[in-house]
Amino acid sequence: MKFYFYIGLLIIVVSEILLFAGVKWVKIFFTPFVWTGYILLIDSIVFRIKKESWITRRGRTFLIMILLSAGFWYMFEFFNLFLKNWRYEGLPAVWITAIGMTWAFATIGPGIFETSDLLECIGAFKLRTQKFEIPKSVLYTLIMVGAGCLLSFLIIPHRIASYLGIPLWVGFILLLDPVNCIKGRKSIFKEWQAGNFQNFLCLLVGGLICGFLWEFWNYWAVAKWVYQVPYAAEPKIFEMPLLGYLGFPALALEYYVLYSFVLRWKE
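Numbering (numbering that gives the first Met the number 0), first residue to last: 0 to 266.
1) Would you say the segment 80-99 touches the segment 218-225, given that touching needs at least three Cβ pairs under 8 Å?
2) Which partner residues of P31 appear in the DSSP bridge assignment?
3) Would R184 be called buried (16 or more neighbouring beta carbons within 10 Å of its own) or exposed?
4) Alpha carbon to alpha carbon, how far is I165 from S136?
5) Contact defined as beta carbons within less than 8 Å: I believe L262 pairs with I6. What is the distance between those atoms, to the nearest angstrom?
6) How far does the alpha helix (DSSP H) with W168 in it reach, from first residue to last?
7) Cα separation between N79 and D42?
8) If you measure between the beta carbons of Y254 and G108, is that distance less than 8 Å?
9) Taking all protein chains shown into account, do 16 or more other C-beta atoms lie within 10 angstroms of the C-beta of L153, making it buried, or fewer, making it exposed?
10) Take every Cβ of the segment 106-122, pair it with every Cβ of the segment 47-64, and state whether three or more of those distances are shorter than 8 Å.
11) Decide if M0 is buried, meaning its Cβ has at least 16 other Cβ atoms within 10 Å, or exposed.
12) Considering R86, what are the terminal residues of the alpha helix (DSSP H) in which it resides?
13) Quick check for students: name the residue ranges of the beta strand (DSSP E) that lie wholly in the segment 62-141, counting only runs of 3 or more.
14) Under a three-way DSSP split, which group does Y3 fall into?
15) What did DSSP end up calling W264 once you bin it into helix, strand or coil?
16) Can you look up I236 in the DSSP assignment and give me helix, strand or coil?
17) Which residue from S68, F81 and T55 puts its Cα closest to that of D159?
18) Does DSSP classify V221 as helix, strand or coil?
19) Using three-state DSSP, classify Y226 as helix, strand or coil.
20) Work out the CA separation of W53 and R59 for me, nearest whole Å.
21) Determine the closest residue to Y230 out of L212, F196 and L242, with distance taken between C-alpha atoms.
22) What's the gap between the Cα of V33 and the Cα of F131?
23) Within the same chain, show all residues whose beta-carbon is closer than 7 Å to that of T30, passing over the 5 residues directly before and after it, in chain order.
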């Protein structure tokens with residue numbers, strides 16, 4: 000096991016202890032602390048199983064992924080100015096908030112991909128089918144639908160925009176994954192055409208696992224997010240309405256297609 004397995008485990012355990020001991024700086028930075036520990040821990044387990052991992056083999060890409068992860072989520076924060084489906088409570092001074100938020104947002108993509116990698120390397124969801132072709136006309140149509148989903152926030156009145164959570168969480172998938180497929184980059188649609196559904200399913204389940212952990216750890220934090228959705232607000236698991244958990248698998252796919260688009264990932 001890589002040495003940072005124990006560092007990650009120690010970070011999580013100590014953060015939990017100090018949180019319940021009421022240590023102020025841990026209560027503020029609890030989410031990024033535990034997610035940093037989680038990423039180190041899971042990456043080490045992945046390395047133990049398949050002798051390579053994001054940190055050990057793709058260190059430069061991993062660092063870029065960290066930076067892009069924060070940028071991607073700030074983009075979603077922009078859309079939430081129209082959507083207004085979540086807000087933050089218990090935030091400290093502005094500069095401390097900026098550090099904490101950026102750090103937390105930087106762990107989103109790595110957390111998703113480490114979890115997905117773990118599922119894949121233990122052989123989960125090895126589903127293959129016959130190869131098939133998605134017509135380019137369908138891909139171009141999906142691109143237009145995805146663009147429409149995202150542009151709708153700019154033209155629809157704010158009182159209606161708060162109901163448009165679903166278009167946000169599928170918009171980038173529909174807009175960019177067909178582009179990635181056409182350009183020969185890593186793409187969910189490209190994998191489907193090859194009859195390979197493992198990565199798709201691992202991302203979905205990995206996103207759901209991360210979503211549960213995000214909400215679990217967020218629930219105990221002082222600086223935290225809360226939801227204000229106009230429909231299906233109950234029942235809740237932690238702060239998240241039950242139906243909202245369906246957004247986490249979609250978020251995992253969105254991060255995958257965003258990374259592939261920006262970094263021009265090839266097979």
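For glycine and all other residues, C-beta sits at the position ideal for the given N, C-alpha and C.
Looking at the atomic coordinates:
1) They touch, by the three-pair rule.
2) According to DSSP, P31 bridges with nothing at all.
3) With 16 or more Cβ atoms within 10 Å of its Cβ, R184 is classed as buried.
4) Whole-angstrom Cα-Cα distance: 24 Å.
5) The C-beta distance from L262 to I6 rounds to 27 Å, too long to fall under 8 Å, and the pair is not in contact.
6) That run of the alpha helix (DSSP H) goes G164 to I181.
7) If I take the Cα positions, the gap works out to 31 Å.
8) Contact: yes.
9) L153 counts as exposed, since fewer than 16 other beta carbons sit within 10 angstroms of its beta carbon.
10) Taking a cut-off of 8 Å for Cβ pairs, the segment 106-122 and the segment 47-64 touch, as three or more such pairs fall below it.
11) Classification of M0: exposed, given that the 10 Å Cβ count is below 16.
12) Residue range W85 to E88 is occupied by the beta strand (DSSP E) that includes R86, with no alpha helix (DSSP H) assigned at that position.
13) As far as the segment 62-141 is concerned, its whole beta strand (DSSP E) runs of at least 3 residues are 85-88.
14) For Y3, the secondary structure class from DSSP, reduced to helix, strand or coil, is helix.
15) Correct three-state label for W264: coil.
16) The DSSP-derived three-state label of I236 is strand.
17) First, the amino acid is wrong: residue 159 is Ile here, not Asp. The shortest C-alpha to C-alpha distance from I159 to any of S68, F81 and T55 is the one to F81.
18) Secondary structure at V221: coil, using DSSP grouped into helix, strand and coil.
19) In this structure, Y226 counts as strand in the three-state DSSP scheme.
20) In a straight line, the C-alpha of R59 is about 9 Å away from that of W53.
21) Closest by alpha carbon: L242.
22) For V33 and F131, the distance between alpha carbons rounds to 42 Å.
23) Within the same chain, and ignoring the five residues on either side of T30 in sequence, the residues whose Cβ sits closer than 7 Å to its Cβ are A103, W216, N217 and A220.
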